[in-house]
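Written out below as structure tokens is the structure these notes cover.
Number of protein chains: 2
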Amino acid sequence: MDFIRGEQAATSVTRAPSLPVYTQEEVTKHSSIDNGVWVTYKGSVYDITEFVAIHPGGDKILLAAGGALEPFWALYAVHGQDHVLDILSEYKVGILQPEDCKKQEMANPADPYSTDPPRHPALVVNSSKPFNGETPPSLLTDSYITPSALFFKRNHLPVPQVDPAKYKLQLEGLPEGTVSLTLDDLKSRFPKHTVTATLQCAGNRRSDMNKIKQVKGLNWGVGAIGNATWSGARLRDVLSFYGFGPEVAAKARHVQFEGLDQDTTGTPYAASIPLSKAVSEEGDVLLAYEMNGEDLPADHGYPVRVVVPGIVGARNVKWLGKIVVSEEESKSHWQQNDYKGFSPGTDWDTVDFKSAPAIQELPVQSAITWPEEGSTVDHSMKEVTLKGYAWSGGGREVVRVDVSLDGGKTWHVAELQNSETGQKPGPPPPPGRAWAWKLWEITIPLPEGAQELELVCKAVDSSYNSQPDTVSPIWNLRGVLSTAWHRVKVKVE
Amino acid sequence: MDFIRGEQAATSVTRAPSLPVYTQEEVTKHSSIDNGVWVTYKGSVYDITEFVAIHPGGDKILLAAGGALEPFWALYAVHGQDHVLDILSEYKVGILQPEDCKKQEMANPADPYSTDPPRHPALVVNSSKPFNGETPPSLLTDSYITPSALFFKRNHLPVPQVDPAKYKLQLEGLPEGTVSLTLDDLKSRFPKHTVTATLQCAGNRRSDMNKIKQVKGLNWGVGAIGNATWSGARLRDVLSFYGFGPEVAAKARHVQFEGLDQDTTGTPYAASIPLSKAVSEEGDVLLAYEMNGEDLPADHGYPVRVVVPGIVGARNVKWLGKIVVSEEESKSHWQQNDYKGFSPGTDWDTVDFKSAPAIQELPVQSAITWPEEGSTVDHSMKEVTLKGYAWSGGGREVVRVDVSLDGGKTWHVAELQNSETGQKPGPPPPPGRAWAWKLWEITIPLPEGAQELELVCKAVDSSYNSQPDTVSPIWNLRGVLSTAWHRVKVKVE
Numbered sequence: 023m024d025f026i027r028g029e030q031a032a033t034s035v036t037r038a039p040s041l042p043v044y045t046q047e048e049v050t051k052h053s054s055i056d057n058g059v060w061v062t063y064k065g066s067v068y069d070i071t072e073f074v075a076i077h078p079g080g081d082k083i084l085l086a087a088g089g090a091l092e093p094f095w096a097l098y099a100v101h102g103q104d105h106v107l108d109i110l111s112e113y114k115v116g117i118l119q120p121e122d123c124k125k126q127e128m129a130n131p132a133d134p135y136s137t138d139p140p141r142h143p144a145l146v147v148n149s150s151k152p153f154n155g156e157t158p159p160s161l162l163t164d165s166y167i168t169p170s171a172l173f174f175k176r177n178h179l180p181v182p183q184v185d186p187a188k189y190k191l192q193l194e195g196l197p198e199g200t201v202s203l204t205l206d207d208l209k210s211r212f213p214k215h216t217v218t219a220t221l222q223c224a225g226n227r228r229s230d231m232n233k234i235k236q237v238k239g240l241n242w243g244v245g246a247i248g249n250a251t252w253s254g255a256r257l258r259d260v261l262s263f264y265g266f267g268p269e270v271a272a273k274a275r276h277v278q279f280e281g282l283d284q285d286t287t288g289t290p291y292a293a294s295i296p297l298s299k300a301v302s303e304e305g306d307v308l309l310a311y312e313m314n315g316e317d318l319p320a321d322h323g324y325p326v327r328v329v330v331p332g333i334v335g336a337r338n339v340k341w342l343g344k345i346v347v348s349e350e351e352s353k354s355h356w357q358q359n360d361y362k363g364f365s366p367g368t369d370w371d372t373v374d375f376k377s378a379p380a381i382q383e384l385p386v387q388s389a390i391t392w393p394e395e396g397s398t399v400d401h402s403m404k405e406v407t408l409k410g411y412a413w414s415g416g417g418r419e420v421v422r423v424d425v426s427l428d429g430g431k432t433w434h435v436a437e438l439q440n441s442e443t444g445q446k447p448g449p450p451p452p453p454g455r456a457w458a459w460k461l462w463e464i465t466i467p468l469p470e471g472a473q474e475l476e477l478v479c480k481a482v483d484s485s486y487n488s489q490p491d492t493v494s495p496i497w498n499l500r501g502v503l504s505t506a507w508h509r510v511k512v513k514v515e
Numbered sequence: 023m024d025f026i027r028g029e030q031a032a033t034s035v036t037r038a039p040s041l042p043v044y045t046q047e048e049v050t051k052h053s054s055i056d057n058g059v060w061v062t063y064k065g066s067v068y069d070i071t072e073f074v075a076i077h078p079g080g081d082k083i084l085l086a087a088g089g090a091l092e093p094f095w096a097l098y099a100v101h102g103q104d105h106v107l108d109i110l111s112e113y114k115v116g117i118l119q120p121e122d123c124k125k126q127e128m129a130n131p132a133d134p135y136s137t138d139p140p141r142h143p144a145l146v147v148n149s150s151k152p153f154n155g156e157t158p159p160s161l162l163t164d165s166y167i168t169p170s171a172l173f174f175k176r177n178h179l180p181v182p183q184v185d186p187a188k189y190k191l192q193l194e195g196l197p198e199g200t201v202s203l204t205l206d207d208l209k210s211r212f213p214k215h216t217v218t219a220t221l222q223c224a225g226n227r228r229s230d231m232n233k234i235k236q237v238k239g240l241n242w243g244v245g246a247i248g249n250a251t252w253s254g255a256r257l258r259d260v261l262s263f264y265g266f267g268p269e270v271a272a273k274a275r276h277v278q279f280e281g282l283d284q285d286t287t288g289t290p291y292a293a294s295i296p297l298s299k300a301v302s303e304e305g306d307v308l309l310a311y312e313m314n315g316e317d318l319p320a321d322h323g324y325p326v327r328v329v330v331p332g333i334v335g336a337r338n339v340k341w342l343g344k345i346v347v348s349e350e351e352s353k354s355h356w357q358q359n360d361y362k363g364f365s366p367g368t369d370w371d372t373v374d375f376k377s378a379p380a381i382q383e384l385p386v387q388s389a390i391t392w393p394e395e396g397s398t399v400d401h402s403m404k405e406v407t408l409k410g411y412a413w414s415g416g417g418r419e420v421v422r423v424d425v426s427l428d429g430g431k432t433w434h435v436a437e438l439q440n441s442e443t444g445q446k447p448g449p450p451p452p453p454g455r456a457w458a459w460k461l462w463e464i465t466i467p468l469p470e471g472a473q474e475l476e477l478v479c480k481a482v483d484s485s486y487n488s489q490p491d492t493v494s495p496i497w498n499l500r501g502v503l504s505t506a507w508h509r510v511k512v513k514v515e
């Protein structure tokens, strides 16, 4: 093997006749860092040993070592992009012999997403496999409670098919050992609680960060957020019923959740939350089986999901299969090596995922949903009406939204709304339990002679935290926590 | 009375011979909004009826209606400023007759601050009566635990003289009716708990807001913050002992505190906190009788103060005289009409104090304590070391401090410290109970050829809240919550 990597950097994935031909058996020998990490893709062989350390998805890449990429990329469709193929091409070292190519094609599984449910056509699709779609801004603030079909969908894997009659929820880490609950147990043994809570993806508004400098992740706009009523058993009731008490509390620190959605190796989506949140009377954590008064839709975790109010979407595990009370956080990729925030100066070469805490409570957020970027305001109307949403994590109530027409030089205070339009305002939430967003609206006279407006909104929560002015200083390599002032430019004509 | 206000606007407080002479009796008739509000000051008579609504201190001004300002201004020395006298001069309507002037002088009380304790000469004094002084930046980060004598002092009134043998703490709003505790009761009946907690004044770093546009309040630098160990009885233990339980909890929402420091009318300093914070096992609210291992110093509330970790200094009532469990917030001026945040567009003509919540938890904060503004960095050293502090309210742990030498274009991550220098790091606090600040330090290579540096720091807390970039968009008329990035300019020579 005396091909020089630099010579190959410019070659494409089309077969170069000068490259050696390998058998599957030879490729399979290279399945560890020590022996080198080789993979195959569409008949080519790649030595990706040096890429492993900088793989955005972490060392999950080693699952494919010595074998084909296709089954994994079928699950993580983010790989089907030109720049991923460009990166891969730099590592090409050979050709897979034709007989082994054919065998691979025979063995490749059927599309694991073929049983995914149908989706509402209004959703803006950011990725179809796994499915990730958001609510269009103009629909987002049409109702205080987001209709389930329009509520953003953030799936990491294919939607599992769950037969409610056979559904079992495993419970581990309590004095009684492993306990198994049916859906009926959950509904009949525990009081049904209903909480109105906003869920937001850590990557909501990531597109604003992409404008500064490319990040890794789905290019969400402002619609990876929604507000719903969730009903189910309280997690603390279930844990107490099965023996949670001071003895367990003395050692345990976290509650881990595993989904029934799995990758090709059987690894489930998983995450954890602090024990204190899970068992607090004021934490309102639900094992939810209803969304907006109906069974959970398939995309939202049917038959049971966790709803952790005030906490990032990623911990609200869907298609819940297992709960583990533990001394440790979840070991999952999504808890350890994803959904964390870093300094703008940290890049993929220097990042140490252990140096940052897993995102739990989210910071204060707001966005303008109307008018939309690039639209035109009628000058003869003399005034302009803006609409949007505002929310903060940790149960901190939004207490004020400031709005500007001039890029942030002067500010106006918007009207806040905590119920459907036309209904009387809801009661104020108890301190620290403001789980639902506020919609806001304001009508402001048009400045004399303005031809363009830079609309801005920023929210303040009950701890008087406010949003940062600009994106660059909070930019981070995963594009999470994108909470700078939301800016929308419109023309006046 | 046909003098026209406009004609008098330009006159000074020196007597104008053309003005009418009034008796004290005549002045006293004008002691309400309906009859007009007149006051006297140094022999002149003022009709301040129209000023009442825009008095920064609220309608406390009515306490002086029909009488002399001197006893009140003796308490609130902020009034002894040229611009206050300028405002007053606009309202002058006459002269007090000489006999009544003499009577007033005889009746004026001795300096109510004459019994205040001595203070450490290193404190930077912002107001001497009442005493308000802060720690110099360079001393602030010399120790993780701020020495009591250097800990910032924020008094609203004269320091009360309390005989510990006669001290009584009143407790109201519990089933047993009014209860009275001695200092010995507090120390002997309840376990002694120790909490390391940072206290910060809502006005810390107000001077940055003053640079944008003048605000009302003491011109604090970065030193109205400190970190100490506090020992005492837990408030929840005391409340439980005297009958707090589900029955009280069903109705009560707040716990009010009254100090023994009073103004001339006998009105004490007072504030309240949410009941949920007061009675939470994780809230760590103390009735503290020790600071840094010794009896509380006179300026810090001897013999007993409330310490409410994670909450703005203003609710940590000193010289505690009374606790009231109540359905309502404290009615005090400092709870209702002060210590609240507003939009930058809100001014004293438009402010509605009822529209904003009383500040409780503070937002994430950080500051550079070294080097100081305007100082010079030695170019031959090739690098520069920066030091500072970072803290967030509500028990949210500081997880990262970003530092820039170029005004925020590029960022470096500082080392965080949660114990005294040279000691091993303290254990991480439980989630939501990070009451103490972190000190930070970083050494960064000097950029080639730089002649001036704009040093910047910004902190991120465990909810990933971050500080706003600039001061103007969070400017507010009281100059509270000044948490924009801290910027320090230094020369390189």
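Residue numbers (this note's numbering), protein chains in the order written: chain Y, 23 to 515; chain A, 23 to 515.
Each residue gets a CB set at the ideal place from its N, CA and C atoms; glycine is no exception.
As the structure is a computational prediction, the values presented were derived from the model and not from experiment.
Can you tell me which of the three DSSP states aspartate 369/Y falls into? The residue labelled residue 369/Y in the question sits at position 347 within the first sequence. Aspartate 369/Y: coil per DSSP, three-state reduction.
Go through its chain and collect everything with a Cβ distance to valine 18/A's Cβ below 8 angstroms, but skip five positions before and after it. No statement about residue 18/A is possible, as the shown extent of chain A runs from 23 to 515 and does not include it.
Alpha carbon to alpha carbon, how far is tyrosine 135/A from arginine 176/A? Position 113 of the second sequence holds residue 135/A. Position 154 of the second sequence holds residue 176/A. The alpha-carbon atoms of tyrosine 135/A and arginine 176/A are separated by roughly 14 angstroms.
Is the CB-CB distance between tryptophan 507/Y and proline 490/Y below 9 angstroms? As a working mapping, residue 507/Y is identified with position 485 in the first sequence. As a working mapping, residue 490/Y is identified with position 468 in the first sequence. Going by C-beta atoms, tryptophan 507/Y is nearer than 9 angstroms to proline 490/Y.
Quick check: what's the CA-CA separation for alanine 246/Y versus glycine 448/A? Translated into positions along the first sequence, residue 246/Y becomes position 224. Translated into positions along the second sequence, residue 448/A becomes position 426. Each residue's Cα considered, the two are about 38 angstroms apart.
Since leucine 384/A meets chain Y, which of its residues come closer than 8 angstroms, beta carbon to beta carbon? Walking along the second sequence from the start, residue 384/A turns up at place 362. Residues of chain Y passing the Cβ test: Ser485 and Tyr486.
Give the residues from the region 423-439 of chain A that approach chain C closer than 7 angstroms (Cβ to any Cβ), ordered along the chain. Chain labels in this structure do not include chain C; the protein chains are Y and A.
Is alanine 519/A helix, strand or coil when you go by DSSP? The structure shown does not extend to residue 519/A, since chain A spans only 23 to 515, so no value can be given for it.
Straight-line CA distance for valine 510/Y to glutamate 92/Y? Residue mapping note: residue 510/Y aligns to position 488 of the first sequence, counting from 1. Residue mapping note: residue 92/Y aligns to position 70 of the first sequence, counting from 1. Rounded to whole angstroms, valine 510/Y to glutamate 92/Y spans 40 angstroms at the Cα level.
Hey, does lysine 376/A have any beta-carbon neighbour from chain Y nearer than 9 angstroms? On the second sequence, residue 376/A is found 354 positions in, with the first residue counted as 1. So no, lysine 376/A is outside the interface.
Who are the near neighbours of leucine 205/Y in its chain, counting only those whose CB is closer than 6 angstroms to its CB and skipping five residues on each side? Within the first sequence, residue 205/Y is the residue found at index 183, counting from 1. If we look at leucine 205/Y and ignore the five residues flanking it on each side, its Cβ neighbours are Pro186, Tyr189 and Pro325.
So with Cβ pairs under 9 angstroms, would you call aspartate 369/Y a contact of chain A? For the purposes of this step, residue 369/Y is taken as the residue at position 347 of the first sequence. No, aspartate 369/Y does not count as interfacial toward chain A.
Can you list, in chain order, the stretches of the beta strand (DSSP E) that have 3 or more residues and sit fully within the region 261-298 of chain Y? 276-284 and 290-296
Suppose you measure from the CA of serine 229/Y to the CA of glutamate 349/Y; what does that come to, to the nearest Å? Working through the first sequence from its first residue, we reach residue 229/Y at position 207. Working through the first sequence from its first residue, we reach residue 349/Y at position 327. Rounded to whole angstroms, serine 229/Y to glutamate 349/Y spans 36 angstroms at the Cα level.
Selection from Gly416/Y, Leu461/Y, Lys431/Y and Gln439/Y that minimises the alpha carbon distance to proline 452/Y: Here residue 452/Y refers to the residue found at position 430 when the first sequence is read from its first residue. Here the closest residue by C-alpha is Gly416/Y.
To the nearest angstrom, report how far apart lysine 299/A and lysine 460/A are at their CA atoms. Along the second sequence, read from residue 1 onward, the residue named residue 299/A stands at position 277. Along the second sequence, read from residue 1 onward, the residue named residue 460/A stands at position 438. Their Cα atoms are separated by approximately 23 angstroms.
Determine contact between the region 400-417 of chain A and the region 262-278 of chain A, defined as no fewer than three beta-carbon pairs at a distance below 8 angstroms. no
Buried or exposed for glycine 410/Y, going by 16 or more other Cβ atoms inside 10 Å? As a working note, residue 410/Y is residue 388 in the first sequence. When all chains shown are included, glycine 410/Y counts as buried.
For a contact meaning CB atoms closer than 9 angstroms, what does proline 296/A contact in chain Y? Here residue 296/A is taken as the residue at index 274 of the second sequence, counted from 1. Correct list: Pro452, Pro453 and Gly454.
Contact criterion: CB-CB distance below 9 angstroms. Does glycine 363/A meet it with respect to chain Y? Taking the first residue of the second sequence as 1, we reach residue 363/A at position 341. Closer than 9 angstroms: yes.
What number of angstroms, rounded off, separates the C-alpha of glycine 155/Y from the C-alpha of threonine 251/Y? Along the first sequence, read from residue 1 onward, the residue named residue 155/Y stands at position 133. Along the first sequence, read from residue 1 onward, the residue named residue 251/Y stands at position 229. Their backbone Cα atoms lie some 20 angstroms apart in a straight line.
Compare the C-alpha of proline 158/Y against each of Ile167/Y, Tyr166/Y, Phe174/Y and Lys151/Y and name the closest. Within the first sequence, numbered from 1, the residue matching residue 158/Y stands at position 136. Nearest of Ile167/Y, Tyr166/Y, Phe174/Y and Lys151/Y to proline 158/Y, Cα basis: Phe174/Y.
Proline 152/Y beta carbon less than 9 angstroms from that of leucine 179/Y: To locate residue 179/Y, count along the first sequence from 1; it is residue 157. To locate residue 152/Y, count along the first sequence from 1; it is residue 130. Result yes, Cβ atoms of leucine 179/Y and proline 152/Y sit closer than 9 angstroms.
Could you tell me which of His322/A, Gln382/A and Lys431/A sits nearest to glycine 367/Y, measuring between CA atoms? Locating residue 367/Y in the first sequence gives position 345, where the first residue counts as 1. The option with the nearest alpha carbon to glycine 367/Y is Lys431/A.
Specify whether the region 273-292 of chain Y and the region 333-353 of chain Y touch according to this definition: at least 3 beta carbon pairs, one from each stretch, less than 8 angstroms apart. yes
Is the separation between the beta-carbon of lysine 82/Y and that of glycine 501/Y shorter than 9 angstroms? As a first step, residue 82/Y must be located in the first sequence, where it is residue number 60. As a first step, residue 501/Y must be located in the first sequence, where it is residue number 479. Against a cut-off of 9 angstroms, the Cβ pair of glycine 501/Y and lysine 82/Y comes out as no contact.
State buried or exposed for methionine 128/A, treating a residue as buried only when at least 16 other CB atoms are found within 10 Å of its CB. The residue given as residue 128/A occupies position 106 in the second sequence. Exposed is the call here.
Looking only at its own chain, which residues have a Cβ that is under 7 angstroms from the Cβ of glycine 225/A, when we skip the five neighbours before and after it? The sequence position of residue 225/A within the second sequence is 203, counting from 1. So the qualifying residues of the chain are Gly239, Leu240, Trp242, Ala246, Gly501 and Val502.
Runs of alpha helix (DSSP H) lying entirely within the region 299-380 of chain A, each at least 4 residues, in chain order: 355-358
Buried versus exposed, by CB contacts within 10 Å (16 or more), histidine 52/A: Here residue 52/A corresponds to residue number 30 of the second sequence, with the count starting at 1. By the 10 Å Cβ count, histidine 52/A comes out buried.
Taking CB distances under 9 angstroms as the criterion, tell me whether arginine 418/A reaches chain Y. Position 396 of the second sequence holds residue 418/A. With 9 angstroms as the cut-off, arginine 418/A counts as an interface residue toward chain Y.
Could you give the C-beta distance for serine 414/Y and lysine 480/Y, rounded to a whole number, given that I count them as a contact under 8 angstroms? Reading the first sequence from its first residue, position 392 is the one you call residue 414/Y. Reading the first sequence from its first residue, position 458 is the one you call residue 480/Y. The pair is not a contact, with the Cβ atoms about 12 angstroms apart (cut-off 8 angstroms).
When you compare the region 209-220 of chain A with the region 248-264 of chain A, are there three or more beta-carbon pairs, one atom per stretch, that lie closer than 8 angstroms? yes
Give every residue of the same chain whose Cβ lies closer than 6 angstroms to the Cβ of serine 485/A, excluding the five residues on either side of it in the sequence, and list them in chain order. On the second sequence, residue 485/A is found 463 positions in, with the first residue counted as 1. Answer for serine 485/A: Arg418, listed in chain order.
Between tyrosine 291/Y and leucine 193/Y, how many whole angstroms is the CB-CB distance? I'm expecting something under 8 angstroms. On the first sequence, position 269 is the one that residue 291/Y refers to. On the first sequence, position 171 is the one that residue 193/Y refers to. So it is not a contact: roughly 18 angstroms between Cβ atoms.
Residues of the region 95-119 of chain Y whose Cβ lies closer than 7 angstroms to any Cβ of chain A, in chain order: none
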